[in-house]
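Notes follow the structure.
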Amino acid sequence: MQIIKTQIDNQNLQPIIQKNKYMSQIKSVGILTSGGDAPGMNAAIRAVTRAGIFAGFKVFGIYRGYRGLITDEIEEFSTQNVSNIIQRGGTILKTARCKEFQTPEGRQCAYDVMKRRGIDALVVIGGDGSLTGARIFANEFNIPIIGLPGTIDNDLYGTDTTIGYDTALNTIMDCVDKIRDTATSHERLFFIEVMGRDAGFLALNGAIAAGAEAAIIPEISTQVDQLSELIQNGFRKSKNSSIVLVAESPITGGAMGLAQRVKEEYPGYDVRVSILGHLQRGGSPTAHDRILASRMGAAAIDALLDDQRSVMIGVKNDEIVNVPFTKAIKNDKPINQQLISTLRRLSI
Ligand code: ADP
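Take a look at the structure:
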């Protein structure tokens with residue numbers, strides 16, 4: 005990382021950069037949010053914008069993900085554009101899923117818009133799919149792109165956590181606390197379905213945080229029949245209600261699928277289903293997610309100044325790391341086996 009001397013011009017509050025001869029050729033950077041939204045994306049947009057302006061870049065907000073890059077829905081951002089957003093859920097840039105970007109023609113249009121606008125580099129905030137698109141685009145046109153892991157699912161490899169995951173986990177915990185009140189009163193077995201795509205992080209840690217009896221997660225579903233294991237272990241023995249968190253996934257069968265199985269295979273249980281759905285994406289980000297997004301956003305600008313490209317910013321043991329796109333998106337992030345054991349031991 006090169007040392008860049010900055011001094012603040014007090015009148016405009018704009019930094020004046022003394023660029024050294026090694027400094028990156030990048031003069032302007034575009035930011036977009038793509039795929040599923042996650043709380044903390046706004047904090048990340050704010051951090052990239054402000055750190056970018058501080059470094060002397062022009063910063064452009066690109067609306068509706070890759071679609072806005074193709075249709076030129078782009079606005080130059082000042083520090084004020086990102087005022088008063090750190091506490092807001094969702095994304096002020098909007099997000100979208102864009103099929104056209106999956107075609108070479110669509111990506112050519114996006115590149116043409118970037119050139120016309122004079123945007124030299126991109127920061128893409130999104131999940132696995134968005135970073136896959138970023139990797140392809142960066143390779144095709146030799147564009148510096150930095151990714152930020154913006155997803156509640158926590159399913160990106162090379163980072164301990166992702167922007168939005170902690171907030172979603174807290175939302176799940178609050179919901180399960182409430183469902184437990186009714187579950188206990190009626191002596192019911194509740195299957196609560198949570199998001200996570202094909203990853204069990206939200207279900208497993210949500211179960212530990214809410215004191216649930218079990219979590220049914222895709223990482224284990226292929227190895228054992230978790231439902232029959234639960235029933236055979238007599239998981240209701242000492243309790244008058246049971247709460248099981250289920251990761252949404254064809255592999256687990258989802259909460260509905262499991263409830264149906266209980267009705268057919270283990271009649272006698274008073275079983276109910278609750279699917280938490282989109283409320284898990286909403287809400288004001290937690291302090292953890294705001295700080296994570298702020299650190300990662302600033303680190304994305306550092307990475308560009310350091311001539312890094314095609315890397316996702318991650319956090320490992322509380323240190324910022326740069327993870328090559330190929331690693332972040334290709335590998336399945338392993339679930340911590342200790343967590344599985346902890347949940348089992350604490351739910352007796
Ligand atoms: P997420 O980023 O939350 O995983 P998606 O999987 O829906 O969300 O991906 C978001 C967008 O990223 C897609 O709509 C598409 O525009 C882009 N994208 C995903 N996969 C690819 C791909 N293989 N090639 C090009 N673009 C892709």
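Following the numbering used here, the numbering of the sequence shown begins with 5 at its first residue and continues without gaps.
Each residue gets a CB set at the ideal place from its N, CA and C atoms; glycine is no exception.
Remember, it's a predicted structure, so these values are computed and weren't measured experimentally.
8 Å Cβ cutoff met for residue i and residue j
{"i": "L283", "j": "T175", "result": "yes"}
{"i": "G133", "j": "G154", "result": "no"}
{"i": "V250", "j": "E197", "result": "yes"}
{"i": "P43", "j": "T171", "result": "yes"}
{"i": "I156", "j": "G168", "result": "yes"}
{"i": "V248", "j": "A216", "result": "yes"}
{"i": "N85", "j": "G72", "result": "no"}
{"i": "A142", "j": "D293", "result": "no"}
{"i": "S38", "j": "T136", "result": "no"}
{"i": "V2", "j": "I123", "result": "Look at the range of the chain in this structure, 5 to 352, and you will see that residue 2 is not part of it."}
{"i": "I344", "j": "L208", "result": "yes"}
{"i": "V117", "j": "D178", "result": "no"}
{"i": "I347", "j": "A214", "result": "It should be noted that the sequence gives Leu, not Ile, for residue 347. Going by C-beta atoms, L347 is not nearer than 8 Å to A214."}
{"i": "E144", "j": "R111", "result": "yes"}
{"i": "A332", "j": "Y161", "result": "yes"}
{"i": "L36", "j": "L173", "result": "no"}
{"i": "L152", "j": "I305", "result": "no"}
{"i": "A51", "j": "G301", "result": "yes"}
{"i": "P148", "j": "R313", "result": "yes"}
In DSSP terms, what residue i is bridged to
{"i": "V128", "result": "L36, G151"}
{"i": "A251", "result": "V198"}
Integer-rounded CB distance, given that residue j should sit under 8 Å from residue i
{"i": "I49", "j": "I96", "result": "6 Å"}
{"i": "P222", "j": "I255", "result": "4 Å"}
{"i": "V319", "j": "T83", "result": "With 8 Å as the limit, V319 and T83 do not qualify as a contact, their Cβ atoms being about 25 Å apart."}
{"i": "A259", "j": "I279", "result": "6 Å"}
{"i": "V128", "j": "A138", "result": "4 Å"}
{"i": "S246", "j": "L193", "result": "5 Å"}
{"i": "K337", "j": "D202", "result": "Contact flag wrong, Cβ pair sits at about 10 Å."}
Uninterrupted beta strand (DSSP E) stretches inside the region 305–334 (no shorter than 3 residues): 315–320, 323–328
Beta strand (DSSP E) segments (min. 3 residues) lying fully within the region 160–245: 193–198, 218–220
Minimum length 4: unbroken alpha helix (DSSP H) runs contained in the region 26–97: 45–58, 69–75
In chain order, each beta strand (DSSP E) run of at least 3 residues that lies wholly inside the region 257–282: Taken in chain order, the unbroken stretches of beta strand (DSSP E) that lie wholly in the region 257–282 and span 3 residues or more are 275–279.
Test item, CB below 6 Å from any non-hydrogen atom of the ligand ADP: Result: S38, G39, G40, Y70, R101, C102, F105, Q106, G130, G131, D132, G133, S134, T136, G137, I140, T155.
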